[in-house]
Amino acid sequence: MKKVEAIIRKSKFSAVKKALHEVGVNFFSYWDVTGLGNEKIGHVYRGVSYSTSDIQRRYLSIVVNDEFLDVTVQAIIEAGKTGDVGDGKIFVSNIEEVYRIRTGEKGGNTLN
């Protein structure tokens with residue numbers, strides 16, 4: 001099992017959520033987060049300069065069986081990409097074990 005953590009643009013969340021559902025990822029958690037990025041130049045809107053160093057993003061946490069890893073990552077990339085700086089990052093790590101609290105069942109079947 002793998003844990004996929006993604007930091008994406010808030011404006012792309014609906015598209016990413018839809019793409020994940022289309023590939024069979026129907027459960028994940030998410031949070032609104034603020035981070036610091038590599039972009040050093042602010043933006044100007046109606047003559048007022050705004051700092052872009054504090055960036056509003058959405059953080060997704062998804063646990064999938066190994067065979068769903070590639071389709072999950074591809075769905076996030078394809079739906080979340082704008083091609084501009086600040087599209088986000090995806091992190092993948094190993095999960096040792098999963099337990100379903102309701103039944104005490106453990107293993108990959110608990111993700112279904």
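Numbering of the sequence shown is given in full-length UniProt numbering, commencing with residue 1 and proceeding in unit increments.
Using N, Cα and C, we set each Cβ at its ideal position, and we do this for glycine too.
The beta carbons of Val64 and Val25 sit about 6 Å from each other, so the pair counts as a contact at 8 Å. Taking a C-beta distance under 8 Å as the contact criterion, Ile90 and Val71 do not qualify as a contact pair. For Leu20, the closest of Met1, Glu78, Leu36 by C-alpha to C-alpha distance is Glu78. In the structure shown, Gly80 adopts helical secondary structure according to DSSP, grouped into three states.
The secondary-structure analysis by DSSP pairs Glu105 with nothing; it has no beta-bridge partner.
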